[in-house]
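Working notes, beginning with the structure itself.
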Amino acid sequence: MSEFALEGPELKKMVKLSRKQPLPFAFNPGKSEDEHYFALHRRRPAAVLGKAAKSEGAGTKAAFGSCTVEGRVMRLTCEVAVPSMAKKLKKFLKANKIALNVEILDSDGNVIESDVEDLPDDPDLFDDEEDFADEAPQDQADAAKEKAEVDSAQPEISDAAALVARVKAAQPRIAAAPKPVADKLTQALKKVVGDIKGQNLAGAAGTMDQIDAVLAKLPAQPAPAEPIKERERGDDTPSAAALAADIRALAQDAQKLPDPLRAKVVKPIQQLGALVKAGELARAAQGVVKVRQAIDAMGAQAAAAPPPEPPAEPPAEPPAEPPAEPPAEPPAEPPAEPPAAAPESPPADSPNARAEWEAAYAALKPRADAAIAEQRFAAKDVQDTFEMRLKHAEGIASEGTPEGFEAALRIIPGLQKMLDEAAGNAPGASGPEVGEDVRPFAISRLKWEKTRETMHAELGKLKTAIAAACKSEPGLADLANMVGDLDDYLKALDTRLIDRLDDVVNAPQGPERETRKQAARSVLAEYQAELQKEFFSDVDGNNGFVDVTVAASAGAALAEIAAVLAPRG
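The working numbering numbers the first residue of the sequence shown as 1016 and each following residue consecutively.
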């Protein structure tokens, strides 16, 4: 192995030193971590390390420049870089038990590549007890050898530096050239840059000569703006590398801000990087100051914000009112507290919401029943949607809570709109395709099906009211059971009537249909007889618990169906 390539403890030792001072480095990536060549040295120039890395490493290209470690990040400012350098070097460091993130910077201090994540602390890496001063200085032979190596590398260093300078000098001249020429020269200049990075200095020099020859033939252009910017820049203006470091610090501090505040400075920080890249260093420096002030102010604001405790205190205060509970013994005091809450919406809205729902439902229900029975909706799925929404409103209103009534009321306008649209349709629009001669029976069948649902819903309302009363009057349990039994009995009758009406619809016109109608009339008679019983004469308005429309709904529907089934002639 080369005297410059490092690994294991020796590598960690030099990485620790790079926390204290920049060190020259070279890197030649191989096909795996075992083949990577990484060198750090205190005295040898980066170009010397790069030359050694290129000749001794497994790869064909080598990067070199300056290395520093700040916190958990190794930053490599490259005179020459190689592709995917950050990822490969980070893996190499990890294989050597060194946990560091890696950032690759160009010679102007711009980050061109990075591999950064949250990493655990490495105590060994941050241990400063290592003494680098106790190493004996190199003897004269080593110093002479080092000088000879440096001297031998000078032509290559000079060539690369000279080519970089020529590239920078050509850029403003190319930008000022006519567009067709500028486009071709820009592509050629990119090739020069690629050759320099790939250390093909001869190729880069040849292409650069051609570019200069073309530029020499172009008409004289005004002095480029970049030198003017540099002349305008005062001595106090930071360098591009220094500004890049400031911008990185701003970005790191911005990450500590809460999301809403951080979002406000992300774009300005990006714009600062663009200014540095464009060479507008004075403007970038001013921007750094302003963004720094903004981040500091936001940090102070965020630090002052953490009293989210106050919301927790109000809940703690109500328990302080238990003294109000002792007065609960005199019956006069508890009623006095509801009025205090009355200005708030729940108690005040309760009676209003119930009254509004009952009025709106009373107006809507007859229209809904008629539209459903006559199948006036534009299509079956529209009718199904309407019925689903209506049932949902009825269900949440049946809970009897202020919130339930208010939620049910919010559904009413949509149902009214659907009924308004359905009113313009002819009867049977949403029903099956049946002949005109049996359409009245089909409509009657659907009407009764909806009425059956209404009856069971009304009986359910009554059972709920009786069950609530049974909590204080156990003697009413028998009555609740009787309502449940009657509900089960009606279910059986409901099914037979629907089946008989279906038979009428499906029977051909003539004697068979008349036979089916007679069977339906028999079931209908049973219903009508059941509705004449004493229970149904009192259930709607005289049950002593709650007003319902069990008998009324059934009686009206059965009367209409009886008229349709009546014998003709």
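Glycine is no exception: its CB is placed at the ideal position from the N, C-alpha and C atoms. As the structure is a computational prediction, the values presented were derived from the model and not from experiment.
Within 10 angstroms of its Cβ, does residue i collect 16 or more other Cβ (buried), or is it exposed?
i	result
D1198	exposed
D1583	Checking the sequence shown, residue 1583 turns out to be Arg, not Asp. By the 10 Å Cβ count, R1583 comes out exposed.
G1559	exposed
T1530	exposed
A1569	buried
V1291	buried
K1035	exposed
K1403	For the sequence presented, residue 1403 should be read as Met rather than Lys. It counts as exposed.
V1304	exposed
A1480	buried
S1047	exposed
A1374	exposed
G1072	buried
From which residue to which residue does the alpha helix (DSSP H) around residue i run?
i	result
I1211	K1194 to K1212
E1549	E1549 to V1554
V1126	V1126 -> not in any alpha helix (DSSP H); beta strand (DSSP E) instead, spanning V1126 to D1130.
P1024	G1023 to L1032
T965	The question about residue 965 has no answer, for the chain in this structure spans 1016 to 1584.
L1216	L1216 to K1232
F1420	P1417 to A1438
S1099	That residue, S1099, is in no alpha helix (DSSP H); it is neither H nor E in DSSP.
E1414	Where E1414 is concerned, there is no enclosing alpha helix (DSSP H), given that its DSSP letter is neither H nor E.
A1069	One detail in the question is off: residue 1069 reads as Lys in this sequence, not Ala. Run containing K1069: A1061 to E1071, per the alpha helix (DSSP H) assignment.
Q1267	A1255 to A1269
What did DSSP end up calling residue i once you bin it into helix, strand or coil?
i	result
E1295	coil
I1113	coil
A1185	helix
V1579	helix
D1250	Since pLDDT at D1250 reaches only 49, below the 50 mark, its modelled position is unreliable, and the value read off the structure follows with that caveat. Note: D1250 maps to coil in three-state DSSP.
V1084	strand
F1107	helix
A1078	strand
E1389	coil
A1020	strand
L1134	coil
L1120	strand
V1561	coil
A1180	helix
A1457	helix
A1600	The displayed coordinates of the chain run from 1016 to 1584. Any statement about residue 1600 would go beyond what the structure contains.
A1331	Summary for A1331: the model assigns pLDDT 44, below 50, so the residue's position carries little reliability; its value from the coordinates is reported in the next sentence. Of the three classes helix, strand and coil, the one that applies to A1331 here is helix, per DSSP.
R1515	helix
D1311	helix
If you measure between the beta carbons of residue i and residue j, is that distance less than 8 Å?
i	j	result
P1253	A1300	yes
G1080	N1043	no
A1572	K1462	yes
I1513	E1575	no
F1107	H1051	yes
A1368	L1424	yes
L1477	V1561	yes
A1203	D1210	no
S1099	V1117	no
A1068	V1097	no
V1565	F1551	yes
C1082	L1120	no
F1040	L1115	no
L1434	A1377	no
P1455	Q1390	no
F1053	L1134	no
K1076	G1213	yes
Could you compute how far the alpha carbon of residue i sits from the alpha carbon of residue j?
i	j	result
I1427	A1408	8 Å
V1030	E1132	19 Å
E1295	A1255	9 Å
I1665	Q1225	The question about residue 1665 has no answer, for the chain in this structure spans 1016 to 1584.
Q1316	K1027	41 Å
E1527	T1416	52 Å
A1192	K1183	15 Å
E1371	A1578	35 Å
D1227	V1208	15 Å
R1188	A1297	23 Å
N1111	M1089	14 Å
T1469	Y1542	15 Å
G1439	V1397	14 Å
Tell me which residue opens and which closes the beta strand (DSSP E) that residue i is part of.
i	result
V1453	Taken as a continuous stretch (DSSP letters only), V1453 belongs to no beta strand (DSSP E), as it is neither H nor E.
P1039	L1038 to N1043
L1091	V1088 to V1095
L1055	Y1052 to L1055
Just to check, is the beta-carbon of residue i closer than 7 Å to a non-hydrogen atom of the ligand HEM?
i	result
A1077	Here there are no bound small molecules, and the ligand HEM is not part of this structure.
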